[in-house]
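As structure tokens, the structure follows; a few thoughts come after it.
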Amino acid sequence: MRIELLQGRFPVSENPGLDSTDPRFDDIATLVQTGLHIEAANLSEALLADGIYDIRLICYFLYGHWLEEGLSSLFDVITCLNNVLENWEAIGPVNKREKNVAKSLDWLFKQLLKKIQYEENKNTPLWQQWQARFNTDEINNILELGETFRLGLNHRLEDEVAAIAGLWSKIEQWLKVFQQLMYRPAKPADAKPEPLDNDFIEADVLPVTAIRTAGLEIESSYHMELLLKKLAVFERLLQEEKFSRAAVIAVDINETLSNFDPRIYFPKIFESFVRLQAINFEELSVHAENQNSPQWQVMQDWLKVDVDSFINY
């Protein structure tokens, strides 16, 4: 899709946007309601090319562009939205412009969050493709543009700014968590974790990339591979009666265990939990404020003794 249609200066017309009774808008709205978002984006693109800068069309178009290009195109989405706010007088419909902009942004951000959650929870091929094509630098660029977007919202919207800024904050929170979970120390593809001292080890100890327990395969991380290697080295040094070196590794392992964070060592297990918690932070916080109440304590006791009935009741 021609994302350049939403870049640069927009010409200002006397009555920008489409009337709600315009059959062209009805056709696009029908496609959106039936879930045909790419088709709706294509029709919106044609109208944008004609210089019709309707915020509803803009959001339909941006969502379709994002669906085609993937997570990294959030950069395009937020860049274009910043440009929309800068070209405020060219944006329609003019009647109740602020409410129309807020309503359209609300739709766009909720669609983004809904799609991300679905693909992530199902671990679909599309989700795996998104992960492969996204990097931390792109996330930083999006977050930086998000600050500009928030300032623009404060300038253009009044009563509606809190709700829209809140939705964008959910996307930002998710991006930050995603960035933490996808981060790995840079190392060559054939590199192996380094021991504490090159003299400690004369033979290779193969790193472990997955752990099988109770029929479940758990994908580990670089940090876990390094810990397992240290454990194996510790046993070997004791067998070889190299006690001074074994003592050094023992202290190092104990320090690791005292600060053990399973999210770092088994990120894939906690990935969905951390992300969903970030995305739904505001809703969860409302209820978490009641954790000192008697009802909360009773519910917590119930969870401890029977998680199945707690879920299914």
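If you count by our numbering, then the sequence shown holds residues 5 to 317, one letter each, in order. Ideal placement from N, C-alpha and C gives every residue a C-beta, glycine not left out. In this text the structure is predicted, and so the values were computed from the model without any measurement.
- With a cutoff of 7 Å on beta-carbon distance, Ile120 and Leu78 are scored as not near each other.
- Counting of Cβ neighbours within 10 angstroms places Pro266 among the exposed residues, the total staying below 16.
- In the structure shown, Asp23 adopts coil according to DSSP, grouped into three states.
- When the five nearest sequence neighbours on each side are left out, the beta carbons in the same chain lying within less than 7 Å of the beta carbon of Pro15 are those of Gly55, Ala94, in order along the chain.
- In this structure, Ala33 is the residue among Lys233, Ser297, Ile315, Ala33 with its C-alpha nearest to the C-alpha of Cys63.
- Between Leu242 and Ala250, the C-beta gap is smaller than 7 Å, which places the two residues in contact.
- No Cβ-Cβ contact shorter than 7 Å links Leu109 with Ile175.
- By the Cβ-count criterion, Asn104 is buried, with 16 or more other Cβ atoms from all chains shown falling within 10 Å of its own Cβ.
- Taking the Cα positions, Val181 is about 12 Å away from Phe285.
- Residues Glu102, Val105, Ala106, Ile168 of the same chain have their beta carbon placed closer than 8 Å to that of Leu161, with the five preceding and five following residues left out of the count.
- Going by C-alpha positions, Ile59 is about 13 Å away from Asn19.
- Annotation for Asp310: no residue places its beta carbon closer than 7 Å to its own, counting only its chain and skipping 5 residues before and after.
- Remark: C-beta atoms of Leu130 and Glu123 approach each other more closely than 7 Å.
- The stretch 74-93 and the stretch 140-155 touch, with no fewer than 3 CB-CB distances between them shorter than 8 Å.
- Residue pairing from DSSP places Asp58 in a beta bridge opposite Gly96.
- When rounded, the separation of the alpha-carbon atoms in Arg240 and Ser262 is 23 Å.
- Judged by DSSP secondary structure, Gln133 falls within the alpha helix (DSSP H) whose first and last residues are 129-137.
- The C-alpha of Phe264 lies about 29 Å from the C-alpha of Lys126.
- In this structure, Ala44 sits near Val36, with a CB-CB distance shorter than 7 Å.
- Annotated three-state conformation of Asp256 is helix, per DSSP.
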